[in-house]
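**Q** One structure coming up, written as structure tokens, with questions to follow.
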Ligand code: SDX
């Protein structure tokens, strides 16, 4: 970051001395007011729960222009990556800063694919879970447990350990997600194969059985690979900020990523794709498109607590570019599977059409986000609703790792420790029980 020409002066109406605060600029996007010395200079904190106006770090990984609906991974537009690259190229890009040349590309793909098996003991670890456990509960446990199996890559301050842990996490997440699924349906695990692509392996581990050869559909393989690309990283979202804060204590990479898994599970975040599909199925059950008007009235009624899941975003105040690409992928997959008339897809498009014309949504700049269509395409591929966030977890793992490693390799990083505005009781003395 570079010192801007500008500077901020904070003055107080109570006569306290004013304070000059430096302003820094990045390569694109809003400048920042550096308040690191504010408390020392004024004895006051800033106040920003939800961090609506707070930059928690400087980063060179992902950039979002919410007004334009633009998303860049290391400067490359998501539309170009999603159509010209594959997910492992995108992983390399996010981790290393640029797209790989042919030889490096081949080696990286091979390195990841050849590390997709998990320690056999994890099969026994799984048996502790109920068969009907939510896959995200299982994954939160499994990812944290990786630090119990891979002791030779747990020192987050060792660059080699970070590199090895990164490959292990990216390579093994599809295997763990598929294991969580197979465990829930009572089928045997399918071991990964080194002759399949990253997405092809995941499809076979999910839907293959030992009883017959599983043939990977190139259309579904490409669609899934694109879904992974679209979910790979997204600036300092809630789960990424969780990973950074957790990792700032120096804990091991697997534990920090497990914290991200737990955060992503929430319905306001990565759990929205599951919540969105459940919402569509509810409306469908109640009468489908004919019931959309009534449902929208509920959404606009503050007291209903009903939200249009898959709509709205903290940063995008325009169409989420990922939603557009996801809708295209939806069209391709449904056409390939002969499901063009999928009622939920038609319902989703009707909900979107109505919302984009409705003042409530237009005024609040609420548009479809990445989760609005992802559930429909995942359901068409055969992924169960309660595993949608597991797929999001699989794809976002590389973003979490890239962001964690960027923080740890910054010599200036400190353990994250926010302050507060205290509104509790003043100091008081404990009274004996008889006098309380
Ligand atoms: C992801 O941060 C990221 O980058 C996340 C993510 C990523 O890749 O990591 O992009 C992934 O989490 C996408 C978001 C998925 N969540 C959903 O689809 C759940 C539904 N969306 C909302 O919960 C909400 O839009 C959020 C949580 C996404 C954003 O919430 P904000 O920024 O805190 O906005 P807000 O709640 O203050 O909303 C502003 C207004 C409010 O109305 P008023 O109080 O001004 O009258 O818009 C309303 C909200 O009630 N509103 C909605 C709405 N989203 C916001 N009303 C109905 N339906 C919605 N979906």
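Numbering (this note's numbering), first residue to last: 1233 to 1668.
Virtual Cβ for every residue (Gly too), placed ideally from N, Cα, C.
Select from 1462, 1532, 1535 the residue whose C-alpha is nearest the C-alpha of residue 1554.
**A** For the purposes of this step, residue 1554 is identified with residue 322 of the chain shown, where counting begins at 1. Residue 1462 is the option with its Cα nearest to residue 1554.
**Q** Looking only at its own chain, which residues have a Cβ that is under 7 Å from the Cβ of residue 1508, when we skip the five neighbours before and after it?
**A** Walking along the chain shown from the start, residue 1508 turns up at place 276. Hits under 7 Å: 1541, 1542, 1603, 1604, 1607.
**Q** By alpha-carbon positions, which one of 1411, 1424, 1466 ends up nearest to residue 1363?
**A** Locating residue 1363 in the chain shown gives position 131, counting from the first residue. Taking only the C-alpha atoms, the option nearest residue 1363 is 1411.
**Q** When DSSP labels each residue in this structure, what does residue 1599 get in the three-state scheme?
**A** As a working note, residue 1599 is residue 367 in the chain shown. DSSP places residue 1599 in coil when its eight states are reduced to three.
**Q** Between residue 1281 and residue 1335, what straight-line distance do the alpha-carbon atoms span, to the nearest angstrom?
**A** Walking along the chain shown from the start, residue 1281 turns up at place 49. Walking along the chain shown from the start, residue 1335 turns up at place 103. Going by the C-alpha atoms only, they are around 47 Å apart.
**Q** Confirm, please, whether the CB-CB distance from residue 1405 to residue 1241 is below 8 Å.
**A** In the chain shown, the residue the question calls residue 1241 occupies position 9. In the chain shown, the residue the question calls residue 1405 occupies position 173. No. Outside cutoff.
**Q** Confirm the yes/no value for this check: CB of residue 1520, any heavy atom of ligand 1, distance under 7 Å.
**A** For the purposes of this step, residue 1520 is taken as the residue at position 288 of the chain shown. Checking every heavy atom of ligand 1 against the Cβ of residue 1520, none is found closer than 7 Å.
**Q** Which residues bound the alpha helix (DSSP H) around residue 1492?
**A** Translated into the one-based positions of the chain shown, residue 1492 becomes position 260. Per DSSP, residue 1492 belongs to the alpha helix (DSSP H) from 1485-1496.
**Q** Give me the Cβ distance between residue 1370 and residue 1361, rounded to the nearest whole Å; I'm assuming they're in contact under 8 Å.
**A** To locate residue 1370, count along the chain shown from 1; it is residue 138. To locate residue 1361, count along the chain shown from 1; it is residue 129. Contact holds; Cβ gap of about 5 Å.
**Q** On the premise that residue 1402 lies in contact with residue 1344, defined as a C-beta separation below 8 Å, what is that separation, rounded to the nearest angstrom?
**A** Taking the chain shown and counting its residues from 1, the one referred to as residue 1344 is at position 112. Taking the chain shown and counting its residues from 1, the one referred to as residue 1402 is at position 170. Indeed, because the Cβ distance is near 6 Å, the residues count as touching under 8 Å.
**Q** Would you call the CB atoms of residue 1250 and residue 1243 closer than 8 Å?
**A** Taking the first residue of the chain shown as 1, we reach residue 1250 at position 18. Taking the first residue of the chain shown as 1, we reach residue 1243 at position 11. Contact: yes.
**Q** Can the beta-carbon of residue 1640 be found less than 8 Å from the beta-carbon of residue 1376?
**A** Position 408 of the chain shown, counted from the first residue, corresponds to residue 1640. Position 144 of the chain shown, counted from the first residue, corresponds to residue 1376. No; because the gap between Cβ atoms is not below 8 Å, this pair is not in contact.
**Q** Nearest to residue 1276 by CA position, among 1664, 1662, 1654, is which residue?
**A** Residue mapping note: residue 1276 aligns to position 44 of the chain shown, counting from 1. It is 1654.
**Q** Are the beta-carbon atoms belonging to residue 1468 and residue 1245 less than 8 Å from one another?
**A** Mapped onto the chain shown, residue 1468 falls at position 236. Mapped onto the chain shown, residue 1245 falls at position 13. Here residue 1468 is not near residue 1245, since their CB atoms are 8 Å or more apart.
**Q** Tell whether a beta-carbon distance below 8 Å holds between residue 1544 and residue 1409.
**A** The residue you call residue 1544 lines up with position 312 of the chain shown. The residue you call residue 1409 lines up with position 177 of the chain shown. No.
**Q** Relative to the C-alpha of residue 1330, which candidate in 1579, 1496, 1292, 1253 has its C-alpha closest?
**A** Taking the first residue of the chain shown as 1, we reach residue 1330 at position 98. Minimum Cα distance to residue 1330 is reached at 1292.
**Q** Since I believe residue 1358 is in contact with residue 1415 (beta carbons under 8 Å), could you give me their beta-carbon distance rounded to a whole number of angstroms?
**A** In the chain shown, counting from the first residue as 1, residue 1415 sits at position 183. In the chain shown, counting from the first residue as 1, residue 1358 sits at position 126. With 8 Å as the limit, residue 1415 and residue 1358 qualify as a contact, their Cβ atoms being about 5 Å apart.
**Q** Give me the Cα-Cα distance between residue 1234 and residue 1644, rounded to the nearest whole angstrom.
**A** Start at 1 with the first residue of the chain shown, and residue 1234 comes out as number 2. Start at 1 with the first residue of the chain shown, and residue 1644 comes out as number 412. Using only the alpha carbons, I get a separation of about 15 Å.
**Q** When you compare only the Cα positions, how much space is there between residue 1526 and residue 1618?
**A** By 1-based counting over the chain shown, the position of residue 1526 is 294. By 1-based counting over the chain shown, the position of residue 1618 is 386. About 27 Å.
**Q** Have a look at residue 1295 and residue 1601 and give me their C-alpha separation to the nearest angstrom.
**A** The residue you call residue 1295 lines up with position 63 of the chain shown. The residue you call residue 1601 lines up with position 369 of the chain shown. Whole-angstrom Cα-Cα distance: 16 Å.
**Q** Which of helix, strand or coil does DSSP assign to residue 1371?
**A** Mapped onto the chain shown, residue 1371 falls at position 139. Residue state, collapsed to three classes: helix.
**Q** Quick check: what's the CA-CA separation for residue 1422 versus residue 1440?
**A** For the purposes of this step, residue 1422 is identified with residue 190 of the chain shown, where counting begins at 1. For the purposes of this step, residue 1440 is identified with residue 208 of the chain shown, where counting begins at 1. Whole-angstrom Cα-Cα distance: 7 Å.
**Q** First and last residue of the beta strand (DSSP E) that includes residue 1581?
**A** Numbered from its first residue, the chain shown carries residue 1581 at position 349. Here residue 1581 belongs to no beta strand (DSSP E); instead the alpha helix (DSSP H) covers 1575-1589.
**Q** Is residue 1583 a contact residue of ligand 1, with contact defined as CB to any heavy atom under 7 Å?
**A** Taking the chain shown and counting its residues from 1, one reaches residue 1583 at position 351. The answer is no for residue 1583.
**Q** Find the nearest neighbour of residue 1616 within the set 1510, 1239, 1433, 1256, judged by alpha-carbon distance.
**A** Your numbering for residue 1616 matches position 384 in the chain shown. Minimum Cα distance to residue 1616 is reached at 1510.
**Q** Answer yes or no: the CB of residue 1539 versus the heavy atoms of ligand 1, is any distance below 7 Å?
**A** Within the chain shown, numbered from 1, the residue matching residue 1539 stands at position 307. Yes, the beta carbon of residue 1539 sits closer than 7 Å to at least one heavy atom of ligand 1.
**Q** Exposed or buried, what is residue 1670 when buried is set at 16 or more other beta-carbons lying within 10 Å of its beta-carbon?
**A** Any question about residue 1670 goes unanswered here, given that the chain covers just 1233 to 1668.
**Q** Using only the heavy atoms of ligand 1, determine whether one of them is closer than 7 Å to the beta carbon of residue 1602.
**A** Locating residue 1602 in the chain shown gives position 370, where the first residue counts as 1. Yes.
**Q** What are the uninterrupted segments assigned as beta strand (DSSP E) that are 3 or more residues long and contained completely in the region 1306-1376, given in chain order?
**A** none
**Q** Looking at the structure shown, is residue 1254 part of a helix, part of a strand, or coil, going by DSSP?
**A** As a working note, residue 1254 is residue 22 in the chain shown. Residue 1254: strand per DSSP, three-state reduction.
**Q** Have a look at residue 1392 and residue 1476 and give me their C-alpha separation to the nearest angstrom.
**A** Position 160 of the chain shown holds residue 1392. Position 244 of the chain shown holds residue 1476. Roughly 19 Å between the two C-alpha positions.
**Q** Measure the alpha-carbon distance for residue 1418 versus residue 1365 and round it to whole angstroms.
**A** Reading the chain shown from its first residue, position 186 is the one you call residue 1418. Reading the chain shown from its first residue, position 133 is the one you call residue 1365. Taken atom to atom, the span from the alpha-carbon of residue 1418 to that of residue 1365 is near 12 Å.
**Q** Would a C-beta distance cut-off of 8 Å place residue 1515 and residue 1579 closer than the cut-off?
**A** In the chain shown, counting from the first residue as 1, residue 1515 sits at position 283. In the chain shown, counting from the first residue as 1, residue 1579 sits at position 347. In this structure, residue 1579 lies closer than 8 Å to residue 1515 by Cβ.
**Q** Cβ-heavy atom distance between residue 1524 and ligand 1 below 7 Å?
**A** On the chain shown, position 292 is the one that residue 1524 refers to. No.
**Q** Less than 8 Å between the C-beta atoms of residue 1474 and residue 1443, yes or no?
**A** The sequence position of residue 1474 within the chain shown is 242, counting from 1. The sequence position of residue 1443 within the chain shown is 211, counting from 1. Result no, Cβ atoms of residue 1474 and residue 1443 do not sit closer than 8 Å.
**Q** Measuring alpha carbon to alpha carbon, tell me which residue in 1591, 1598, 1459 is nearest residue 1564.
**A** For the purposes of this step, residue 1564 is taken as residue 332 along the chain shown, with counting starting at 1. Cα-wise, what sits closest to residue 1564 is 1459.
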